[in-house]
Amino acid sequence: MGRYVIRRLLQMIPVFFGATLLIFLMVNVMGDPIAGLCGDRKCDPATAEQLKKEFGLDKPVWQQYATYMGNVFTGDFGTAFNGQKVTELMSTAFPLTIRLTLVAIVFEIVIGISLGVVTGLRRGRPIDTVVLLLTLVVIAIPTFVTGLLLQLLLGVEWGVMKPSVSSEAPLNELIVPGLVLASVSLAYVTRLTRTSIAENRRADYVRTAIAKGLPRRRVITRHLLRNSLIPVVTFIGTDIGALMGGAIVTERIFNIHGVGFQLYQGILRQSTQTVVGFVTVLVLVFLVANLIVDLLYAVLDPRIRYA
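Sequential numbering from 1 applies to the sequence shown in the UniProt record's numbering.
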């Protein structure tokens, strides 16, 4: 196990540099940061040259990237064009998005896996058909429609919740936004769990466990569910980074100033340092989540061993 972890950590190094280089090139080549600095009015040539020199944009792209990565390893992600440190933006944005993501993941695990197990064990019955239709509807409806609809009904019409989340973003105010953020992923987890349960319940090891006279609950939890959760864990693990980076719509609807909001503002204002800094951290989140998922395989399935 130790050798495997070390090997995976070494493999993460080129992936990290490759991903950050790609993002850095895309942001610098496809955007014009100077235009974002000057706003609606076009900068005069002298001002543009001065700003390029001040932010190091007059240097070759490879040199800009080398300087940026050197600063990253010292904890300096640069300065946004409004003069605020990117690390300061991260310190306020990431805690909010992490809490929102955790709420979404809890919904995925509790509701998604539970519905998947129930429908997988009752495949072809009315409850299975109803859940499949509901998940199909959830997948088909865009997230911004679901968010605006719940905001209108629960926040404006019925007064069950606040239409927008306060700046402190307490946990009780993140329940509905978390459900909106997790809605599509929750539907996929339900369908994936259902399919995996339905396939594995016909496996020989399940029949053997039943023939040995083991209680039904133990057969489901100790044998059937553990083996069926491997593809589900893979999906949820890779979905963590996707939820954090893809929360732009949800955070805009409920006025949550998290990672998605800061990325949206950075793209809108063409703030290179902000966009690249946040995406760099998200790349690390993706890599760590994938490593944890790989290590969980051995916990779920004892047959899996790492050399």
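Glycine residues also receive a C-beta, built at the ideal position from the N, C-alpha and C atoms. Since we're looking at a predicted model, the values are computed, not measured.
Task: Option nearest residue 236 by Cα separation, candidates 174, 293, 25 and 180 - done: 293
Open item on the list: Below 8 Å, how does it come out for the stretch 20-27 and the stretch 276-293: are there three or more Cβ pairs, yes or no?
Closed with: yes
Open item on the list: According to DSSP, simplified to helix, strand and coil, what is residue 53?
Closed with: helix
Task: For residue 221, three-class secondary structure by DSSP - done: helix
Open item on the list: Report the CB separation of residue 178 from residue 104 in whole angstroms; it is logged as a contact under 8 Å.
Closed with: 5 Å
Open item on the list: Please state the DSSP three-state secondary structure of residue 79.
Closed with: strand
TODO: Buried or exposed for residue 208, please, with buried defined as at least 16 other CB atoms from any protein chain shown within 10 angstroms of its CB.
DONE: exposed
Task: Close Cβ partners of residue 111 (< 7 Å) along its chain, the five nearest in sequence each way excluded - done: 186
TODO: Name the residue from 268, 256 and 12 whose alpha carbon lies nearest to the alpha carbon of residue 166.
DONE: 256
- [ ] Could you tell me if residue 127 is buried or exposed, where buried requires 16 or more neighbouring beta carbons within 10 angstroms of its beta carbon?
- [x] exposed
Task: Extent of the continuous alpha helix (DSSP H) run through residue 62 - done: 61-72
Open item on the list: Am I right that residue 12 and residue 287 are in contact with their C-beta atoms under 8 Å? What's the rounded C-beta distance?
Closed with: 5 Å
TODO: Output the distance between the C-alpha atoms of residue 155 and residue 296, rounded to the nearest integer angstrom.
DONE: 39 Å
Task: Neighbourhood of residue 176 by C-beta, 7 Å cutoff - its chain only, sequence neighbours within 5 removed - done: 150, 154 and 161
Task: Outcome for residue 254 when other beta-carbon atoms lying within 10 angstroms are tallied against a minimum of 16 - done: buried
- [ ] In angstroms with no decimal places, state the Cα-to-Cα distance between residue 101 and residue 45.
- [x] 44 Å
TODO: Going by CA-CA distance only, name the one from 274, 107, 76 and 28 that's closest to residue 64.
DONE: 28
Task: Sub-9 Å separation of residue 97 and residue 266 beta-carbons - done: no
TODO: For the alpha helix (DSSP H) holding residue 262, just list the boundary residues, first then last.
DONE: 259-268
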